[in-house]
Amino acid sequence: MKILKNLKLITVNSNISILDAIKKITEHECRVLLVLKNKKIYGYLQEGDIKRALVQKKFTLKTKIFKILNKKPFVVKNNLSLKDKIKKLKDNARLRAPITDIDNNITGLIYFSNFDNLYKGQNLYFKNSKKKRVLLVGGAGYIGSVLAKMLLKLNYYVIIYDLFKFGYKSISNIKKNKNLKVIKGDSGDTKKILKIAFGIDAIVDFSGIVGDPACELDPTKTIAENYFKSKNLAEVAKLLQIQRYVFISSCSVYGLSSGRRQINEKTKENPISLYAECKLNCEKEILKLKEKNFCPTILRLATVFGYSPRQRFDLVANIFTLLVAQNKSIRVFGGKQFRPNVHVYDAAKAINLVLEAPIKKVKNQIFNVGCNKLNLRILDLAKIILKHSKSSNLKVEKDITDNRDYHVNFDKIRKILKFKTKFNISTGTKELYKAIKSKKCKVESKESYSNYNRELKELYN
């Protein structure tokens, strides 16, 4: 509990815009603005007032705050003891309140500092200046669950916002962490996102349907989830002036690029799937939104592999590893196609590097995320994984059912952010192989470990 006496720190003119109010209100931990007239409260503005205003179409960022001020705020009297002041706040479910004297002149502001979830069921908290606050949209997924654990270890305050289609198991190992907040919701719920994201330092967008096969099942749903909702999320982030925004894209935007060695971020994209098209179109729309206080970063991930609390077995290296662990044969179609790879831990590490980097290094940038040495032919990938067991063999089919073929260059992220991968194919898949064998990673159902099968089940249920 604190009492602010120097009210000049939070006093503003009633003619400033909502945009300026958003910038100003985050400067002090009390998270409130005052408009005074002859030492009396003319207007009082909290985060909630701004959130409610922005949800209404009649207000914009240019609207003057006098139109949304609370003219009759809840107050506490200065003749009360500190104990009674605190009791009055709690009894009335308040985080803060102006202190006034017998003549209604304001003498200070009383507020809870480093406040977090005092009243059950309410999304009310103060920003802790010692911790960066990151919102992970789709944060309970394959990469998000790994990143969340990583950020918590680095003393971030993490908010996981997810539909939890695969349940809560992926975050069971971190759910008791006091610096974690878990919220179930849809990335397209603008009102909910506005409420949650106000005061956040960064957003990482993992949302949408992941993978080419899963996206082809219901194209209309895919476009809504992967394009419109992601675009809308970025627009909300810009509206709230959240400077750091990381959009998780894919190297699949390069598509069919056979014969073009070492594709880099300047190479013309050639998507051949709906998943890749949505990612590319969303990248373009998000980068169009860039400005001083909204600096998006696009991360085009290589094909991710490895063990995660939310395991997937619809990724090529993971599928091969599962087959070998089950003593089954690996069937390769063609096998000469190049595919870039990156371990899930290293993908999370790259995202963290972007969050930590000076904004001038990452603003409005596109980075391929992976390692040059992990550009491998599918056939070579299979041969490496086969070494984990002597009970499996390789079958090569001449018919090619997957035309994606791209050899990607990852020099940019290595040079600018000093990114280095920890895992190679052998060490990364060996870890997953052991997890399967030890039952740490239990193969329960197809829907649990495959985005395609999960979407298929939803489509016909």
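The end of the sequence shown is residue 624 by the numbering used here, with every number in the run present.
Glycine included, each C-beta is placed from N, C-alpha and C at the ideal position.
Residue i versus residue j - alpha carbon distance
{"i": "Q489", "j": "A377", "result": "24 Å"}
{"i": "E560", "j": "G351", "result": "42 Å"}
{"i": "G371", "j": "K332", "result": "19 Å"}
{"i": "Y408", "j": "G330", "result": "26 Å"}
{"i": "E633", "j": "L380", "result": "Absent from the structure is residue 633, since the part of the chain shown begins at 164 and ends at 624."}
{"i": "K384", "j": "N169", "result": "53 Å"}
{"i": "A365", "j": "D266", "result": "43 Å"}
{"i": "L172", "j": "V367", "result": "31 Å"}
{"i": "F237", "j": "I185", "result": "21 Å"}
{"i": "N504", "j": "L539", "result": "8 Å"}
{"i": "G304", "j": "K203", "result": "50 Å"}
{"i": "I306", "j": "T466", "result": "12 Å"}
{"i": "C534", "j": "L403", "result": "35 Å"}
{"i": "K251", "j": "G362", "result": "26 Å"}
{"i": "C441", "j": "Y569", "result": "19 Å"}
{"i": "L272", "j": "H191", "result": "12 Å"}
{"i": "N668", "j": "N527", "result": "Since the first residue of the chain shown is 164 and the last is 624, residue 668 is not available in this structure."}
{"i": "F483", "j": "D562", "result": "18 Å"}
{"i": "P434", "j": "V479", "result": "19 Å"}
{"i": "K578", "j": "Y417", "result": "21 Å"}
{"i": "L310", "j": "A260", "result": "37 Å"}
{"i": "K167", "j": "K187", "result": "What sits at residue 167 in the sequence shown is Leu, not Lys. In a straight line, the C-alpha of L167 is about 16 Å away from that of K187."}
{"i": "R194", "j": "T590", "result": "47 Å"}
{"i": "N616", "j": "D247", "result": "58 Å"}
{"i": "K558", "j": "V606", "result": "23 Å"}
{"i": "D212", "j": "V297", "result": "22 Å"}
{"i": "N587", "j": "H506", "result": "7 Å"}
{"i": "N515", "j": "I405", "result": "17 Å"}
{"i": "L443", "j": "K536", "result": "25 Å"}
{"i": "K328", "j": "L243", "result": "50 Å"}
{"i": "K553", "j": "K392", "result": "46 Å"}
{"i": "K344", "j": "I359", "result": "10 Å"}
{"i": "E519", "j": "L580", "result": "10 Å"}
{"i": "V614", "j": "K620", "result": "Per the sequence presented here, residue 614 reads as Asn, with Val not at that position. About 10 Å."}
{"i": "A387", "j": "I249", "result": "47 Å"}
{"i": "S601", "j": "F369", "result": "29 Å"}
{"i": "R463", "j": "S412", "result": "5 Å"}
{"i": "K235", "j": "G302", "result": "40 Å"}
{"i": "L485", "j": "A511", "result": "22 Å"}
{"i": "P382", "j": "N389", "result": "10 Å"}
Spatial neighbours of residue i in its chain, beta-carbon cut-off 7 Å, leaving aside the 5 residues before and after
{"i": "K491", "result": "S555"}
{"i": "I576", "result": "A513, F530, N531, V532, F582"}
{"i": "K593", "result": "H551"}
{"i": "N395", "result": "G351, T353"}
{"i": "I547", "result": "I588, S589"}
{"i": "Y508", "result": "V309, G469, K585, F586"}
{"i": "I426", "result": "Y417, S420, Y569, H570, V571, N572"}
Cutoff 8 Å; reference residue i; Cβ partners in own chain excluding five residues on either side
{"i": "S177", "result": "V198, Y205, G206, K227, I228, F229, L232"}
{"i": "S180", "result": "L224, K225, T226, K227, I228"}
{"i": "N241", "result": "I262, T263, D264, T270, G271"}
{"i": "K294", "result": "N318, Y319, Y320, N342"}
Short CB-CB distance (under 7 Å) between residue i and chain D
{"i": "I529", "result": "No chain D is part of this structure, which consists of one protein chain only."}
Contact set for residue i: own chain, Cβ-Cβ below 6 Å, skip 5 residues either direction
{"i": "K401", "result": "L452, F457"}
{"i": "N340", "result": "L315"}
{"i": "L281", "result": "Caution applies to L281, whose pLDDT of 43 falls short of 50 and renders its modelled position unreliable; the value that the coordinates give is listed next. Nothing listed; no residue qualifies."}
{"i": "T263", "result": "V238, I269"}
{"i": "V517", "result": "V409, T460, V525"}
{"i": "S436", "result": "D375"}
{"i": "K598", "result": "One detail in the question is off: residue 598 reads as Ala in this sequence, not Lys. Hits under 6 Å: Y470, C604."}
{"i": "F222", "result": "A216"}
{"i": "Y438", "result": "D375, C378"}
{"i": "G348", "result": "Y324, K355"}
{"i": "Q209", "result": "V195"}
{"i": "I522", "result": "C458"}
{"i": "A545", "result": "F483, I493, V495, L557"}
Supposed close pair residue i, residue j - CB separation, criterion 8 Å
{"i": "L354", "j": "I337", "result": "Reading off the sequence shown, one finds Lys at residue 354, where the question assumed Leu. With 8 Å as the limit, K354 and I337 do not qualify as a contact, their Cβ atoms being about 27 Å apart."}
{"i": "V487", "j": "Y612", "result": "V487 to Y612, Cβ: 16 Å. No contact."}
{"i": "V571", "j": "I541", "result": "V571 to I541, Cβ: 15 Å. No contact."}
{"i": "N481", "j": "R473", "result": "So it is not a contact: roughly 12 Å between Cβ atoms."}
{"i": "L299", "j": "I322", "result": "7 Å"}
{"i": "L357", "j": "V218", "result": "6 Å"}
Can we say the stretch 492 to 503 touches the stretch 447 to 460, given the rule of at least three CB pairs closer than 8 Å?
-> Contact check between the stretch 492 to 503 and the stretch 447 to 460: fewer than three CB pairs, one atom from each, fall below 8 Å, which does not count as touching.
4-residue-minimum alpha helix (DSSP H) runs that sit fully inside the stretch 494 to 558, ordered along the chain = Complete alpha helix (DSSP H) runs here, min 4: 507 to 519, 522 to 525, 541 to 549.
Can you check the stretch 285 to 368 for any alpha helix (DSSP H) of at least 4 residues that lies completely inside it and give the ranges in chain order?
-> Segments of the alpha helix (DSSP H) lying fully in the stretch 285 to 368: 307 to 316, 353 to 360.
Taking the runs of the alpha helix (DSSP H) that are 4 residues or longer, which of them lie wholly in the stretch 178 to 266?
-> Counting only runs of 4 or more, we get 181 to 188, 210 to 218, 245 to 254.
Which ranges would you report for the beta strand (DSSP E) in the stretch 403 to 437 if only whole runs of at least 3 residues count?
-> If we require 3 residues or more, the beta strand (DSSP E) runs fully inside the stretch 403 to 437 come out as 407 to 413.
Whole alpha helix (DSSP H) elements within the stretch 434 to 473, 4-residue minimum | Listed in chain order, the complete alpha helix (DSSP H) runs (minimum 4 residues) inside the stretch 434 to 473 are 437 to 451.
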